[in-house]
Amino acid sequence: MPRSPTPHPTDGSGLHRRRQLVGLAAALAVAVGSIVIVAVSVGSPGKWDPTQLAQGAAAEKPKMELEAQARAAAAVIEKRKEEIKAENAAIDAVLQTTGIISQAGPGNKEVALTFDDGPSSYTGGILDTLKKYDAKATFFTLGNQISEFPLPLQRAVAEGHVVGNHTWDHQDLTRLAPKDIRGELNDNTDAVTGKNLPAPKLFRPPYGAVNDLVVAEARRAGMLTVMWSLDTNDYKLPGVDVMAAQVLAEVEPGSIILMHDGGGDRTTTSAALPRMLKGLRKAGYKMVTLPQLLLHNPPAAEQNTVGRTPAA
Ligand SMILES: [Zn+2]
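Those letters in the sequence shown? Residues 8 to 319, per the working numbering, in order.
Shown next as structure tokens:
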């Protein structure tokens with residue numbers, strides 16, 4: 008049966024199709040126009056440069072990382088509030104009997120690793136190693152390094168390490184007037200608290216140079232002067248094997264171990280650390296922060312803190 012040619016009164020398909028075509032052409036024209044505009048924008052210098060965007064993103068990344076570490080540090084400080092209070096009380100108790108110590112008591116098989124002269128470009132790698140071996144440490148920082156290396160400083164606190172005071176710019180305090188000693192100590196503390204981190208309760212004198220005045224000024228600022236009982240001499244670059252072996256031979260419960268994460272070539276320190284930590288753990292030692300060490304192993308009031316090798 009032939010199809011009925013009966014026209015549909017409402018059949019407007021021919022007209023509709025024409026409208027569709029016109030619409031498509033218009034859309035195409037707009038699309039082509041847009042492409043041309045984009046092409047012109049890309050081509051014109053100074054308007055939109057994808058490399059600049061990439062550089063911007065690269066600069067944004069460390070900033071975001073720093074903000075994340077600072078938030079993590081603040082959370083850890085908040086979480087450890089009661090522990091920090093107990094540790095500070097332990098330090099204050101020591102300050103009642105002496106202003107200066109070089110080692111803790113022998114009660115528990117614990118030692119304190121200390122790193123001076125940072126933060127620096129070496130600190131991040133040292134933090135990686137400490138994390139790997141579940142070791143905590145104390146960083147005696149320099150105020151003038153802090154603005155340059157705020158990331159490892161925040162990260163150290165976020166990962167449970169402690170920040171101590173090593174002055175603003177590493178001067179021999181025994182050669183300074185009282186007001187200048189105070190300036191060196193306060194400027195460091197301000198740099199640390201300026202990053203929303205707890206004010207240091209521990210102080211290590213640059214070059215290990217102390218006299219009664221320096222100890223008294225630190226004490227007046229609420230800080231205990233902490234020397235060391237085991238000098239790795241890492242600043243002399245003794246070699247990885249020698250450094251690790253020396254620590255393992257001389258370590259004892261309550262040892263305060265001196266190392267450096269700034270102020271020079273610290274490749275030896277960084278490289279010796281895994282071996283040292285492996286050996287210490289094998290020997291049954293726990294690596295804790297100085298405040299924890301002083302809380303767990305109260306130091307003797309009378310200590311030989313004179314005649315230590317001056318260190319960098
Ligand atoms: Zn130093």
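Where a beta carbon is used, it is the ideal one built from N, C-alpha and C, also for glycine.
Keep in mind it's a predicted model, so treat the numbers as computed, not measured.
In this structure, how does DSSP classify residue i when only helix, strand and coil are distinguished?
i	result
residue 265	strand
residue 237	strand
residue 258	coil
residue 308	coil
residue 47	Here the model assigns residue 47 a pLDDT of 40, short of 50, so the residue's position is not dependable, and the following value carries that caveat. Note: residue 47 maps to helix in three-state DSSP.
residue 126	coil
residue 104	helix
residue 302	helix
residue 245	coil
residue 253	helix
residue 271	coil
residue 176	coil
Within the continuous beta strand (DSSP E) that includes residue i, where are the two ends?
i	result
residue 225	Run containing residue 225: none in the beta strand (DSSP E); it sits in the alpha helix (DSSP H), 219-227.
residue 118	117-123
To the nearest angstrom, report how far apart residue i and residue j are at their CA atoms.
i	j	result
residue 85	residue 117	25 Å
residue 276	residue 110	21 Å
residue 48	residue 77	For residue 48, the predicted structure reports a pLDDT of 41, less than 50, and the residue's modelled location is therefore unreliable. A value from the coordinates is still provided. Cα-Cα distance, rounded: 40 Å.
residue 124	residue 62	32 Å
residue 242	residue 273	7 Å
residue 68	residue 161	16 Å
residue 70	residue 307	45 Å
residue 105	residue 65	50 Å
residue 136	residue 157	19 Å
residue 254	residue 304	20 Å
residue 268	residue 205	20 Å
residue 298	residue 208	9 Å
residue 262	residue 74	35 Å
residue 89	residue 210	22 Å
residue 175	residue 283	30 Å
residue 301	residue 171	14 Å
residue 237	residue 107	16 Å
residue 331	residue 293	The structure shown does not extend to residue 331, since the chain is modelled only from 8 to 319, so the question has no answer here.
residue 142	residue 152	24 Å
residue 148	residue 122	8 Å
Residue range of the alpha helix (DSSP H) that residue i falls in?
i	result
residue 283	274-289
residue 181	Residue 181 -> no alpha helix (DSSP H), and no H or E assigned at all.
residue 353	No answer is possible for residue 353: the residues shown for the chain start at 8 and end at 319.
residue 111	Premise fails: residue 111 is in no alpha helix (DSSP H) and is neither H nor E.
residue 138	130-139
residue 151	150-153
Indicate, with yes or no, if ligand 2 has a heavy atom lying under 6 Å from the CB of residue i.
i	result
residue 179	Ligand 2 is not among the ligands present in this structure, which contains only ligand 1.
When DSSP builds the beta bridges, which residues end up paired with residue i?
i	result
residue 91	Beta-bridge pairing links residue 91 to no other residue.
residue 231	209
residue 145	121 and 169
residue 293	117
Taking only runs that begin and end inside the segment 183-216, name each unbroken alpha helix (DSSP H) of 4 or more residues, in chain order.
-> Counting whole runs of 4 or more residues, the segment 183-216 contains the alpha helix (DSSP H) stretches 185-200.
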